[in-house]
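Trainee: Using the numbering used here, read the sequence shown as starting at -16 and increasing by one per residue.
Right, I'll just put the structure down here and ask away after.
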Amino acid sequence: MTKIDDMTRLKHIRDAALTALDFIKDRSRRDLDNDKMLSLALVRLVEIMGEAANNVSPSCQTNYPQIPWREIMGMRNRIVHAYFDVDLDIV
(Lines of atoms letter the chains of each structure in order from A and count residues from 1; the text may use other names and numbers.)
(Lines give C-alpha, C1' and ligand atoms only; values in the text may rest on other atoms or scores of the structure.)
Protein backbone atom coordinates (compact mmCIF):
# COMPACT_ATOMS: atom_id res chain seq x y z
CA MET A 1 0.00 0.00 0.00
CA THR A 2 1.34 3.43 -0.88
CA LYS A 3 1.42 6.35 1.52
CA ILE A 4 -0.84 9.25 0.59
CA ASP A 5 0.91 12.61 0.94
CA ASP A 6 -0.37 15.70 2.73
CA MET A 7 -1.26 17.56 -0.45
CA THR A 8 -3.47 14.68 -1.58
CA ARG A 9 -5.18 14.62 1.82
CA LEU A 10 -5.76 18.38 1.64
CA LYS A 11 -7.30 17.92 -1.81
CA HIS A 12 -9.57 15.21 -0.41
CA ILE A 13 -10.73 17.64 2.29
CA ARG A 14 -11.30 20.42 -0.25
CA ASP A 15 -13.12 18.16 -2.68
CA ALA A 16 -15.41 16.73 0.01
CA ALA A 17 -16.18 20.24 1.28
CA LEU A 18 -16.96 21.53 -2.21
CA THR A 19 -19.18 18.53 -2.88
CA ALA A 20 -21.05 19.13 0.39
CA LEU A 21 -21.56 22.77 -0.53
CA ASP A 22 -22.84 21.72 -3.93
CA PHE A 23 -25.28 19.24 -2.36
CA ILE A 24 -26.77 21.84 -0.01
CA LYS A 25 -27.04 24.62 -2.57
CA ASP A 26 -30.64 25.88 -2.60
CA ARG A 27 -31.55 23.38 0.13
CA SER A 28 -32.95 24.09 3.58
CA ARG A 29 -32.31 22.58 6.99
CA ARG A 30 -35.68 20.89 6.66
CA ASP A 31 -34.39 19.02 3.62
CA LEU A 32 -31.94 17.18 5.87
CA ASP A 33 -34.86 15.69 7.78
CA ASN A 34 -36.87 14.85 4.68
CA ASP A 35 -34.15 13.64 2.32
CA LYS A 36 -32.34 10.64 3.76
CA MET A 37 -29.88 10.47 0.87
CA LEU A 38 -28.90 14.10 1.40
CA SER A 39 -28.33 13.68 5.12
CA LEU A 40 -26.37 10.44 4.67
CA ALA A 41 -24.28 11.99 1.89
CA LEU A 42 -23.40 15.01 4.01
CA VAL A 43 -22.53 12.87 7.00
CA ARG A 44 -20.28 10.73 4.79
CA LEU A 45 -18.56 13.81 3.36
CA VAL A 46 -17.89 15.15 6.86
CA GLU A 47 -16.49 11.74 7.76
CA ILE A 48 -14.17 11.85 4.72
CA MET A 49 -12.95 15.33 5.67
CA GLY A 50 -12.24 14.18 9.23
CA GLU A 51 -10.44 11.04 8.17
CA ALA A 52 -8.29 12.97 5.71
CA ALA A 53 -7.56 15.64 8.34
CA ASN A 54 -6.57 12.97 10.82
CA ASN A 55 -3.94 11.74 8.37
CA VAL A 56 -2.42 15.13 7.55
CA SER A 57 1.00 15.34 9.20
CA PRO A 58 1.39 17.50 12.30
CA SER A 59 3.92 19.70 10.49
CA CYS A 60 1.44 20.36 7.67
CA GLN A 61 -1.31 21.11 10.18
CA THR A 62 1.00 23.65 11.80
CA ASN A 63 1.40 25.36 8.40
CA TYR A 64 -2.39 25.91 8.26
CA PRO A 65 -3.34 27.12 11.75
CA GLN A 66 -6.54 28.72 10.40
CA ILE A 67 -7.99 25.24 9.79
CA PRO A 68 -9.77 23.86 12.88
CA TRP A 69 -8.04 20.46 12.71
CA ARG A 70 -9.16 19.18 16.11
CA GLU A 71 -12.80 20.10 15.46
CA ILE A 72 -12.79 18.42 12.04
CA MET A 73 -11.27 15.25 13.45
CA GLY A 74 -13.55 15.37 16.48
CA MET A 75 -16.62 15.62 14.26
CA ARG A 76 -15.45 12.58 12.30
CA ASN A 77 -14.93 10.63 15.51
CA ARG A 78 -18.38 11.56 16.76
CA ILE A 79 -20.01 10.47 13.51
CA VAL A 80 -18.13 7.17 13.37
CA HIS A 81 -18.41 6.20 17.02
CA ALA A 82 -21.84 7.66 17.81
CA TYR A 83 -23.47 7.10 14.39
CA PHE A 84 -26.78 6.42 16.15
CA ASP A 85 -26.87 9.93 17.59
CA VAL A 86 -25.77 12.30 14.81
CA ASP A 87 -27.17 15.79 15.30
CA LEU A 88 -28.15 17.12 11.88
CA ASP A 89 -28.30 20.65 13.31
CA ILE A 90 -24.55 20.40 13.78
CA VAL A 91 -23.91 18.72 10.44
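We put the CB at the ideal spot given by N, CA and C, even for glycine.
Going by other Cβ atoms of all chains shown within 10 Å of its Cβ, with 16 needed for buried, is L1 buried or exposed?
Mentor: exposed
Trainee: Note the first and the last residue of the continuous alpha helix (DSSP H) segment covering K(-6).
Mentor: -11 to 7
Trainee: At a cut of 8 angstroms, does the segment 55 to 72 reach the segment 32 to 45 through at least three beta carbon pairs?
Mentor: yes
Trainee: So does the segment 7 to 24 actually touch the segment 47 to 54, counting three or more Cβ pairs closer than 8 angstroms?
Mentor: no
Trainee: Put A36 into one of helix, strand or coil per three-state DSSP.
Mentor: helix
Trainee: Quick one: Cα of R12 to Cα of D72, how far?
Mentor: 8 angstroms
Trainee: Is L15 near V74, with beta carbons less than 9 angstroms apart?
Mentor: yes
Trainee: Taking only three categories from DSSP, how would you classify S22?
Mentor: helix
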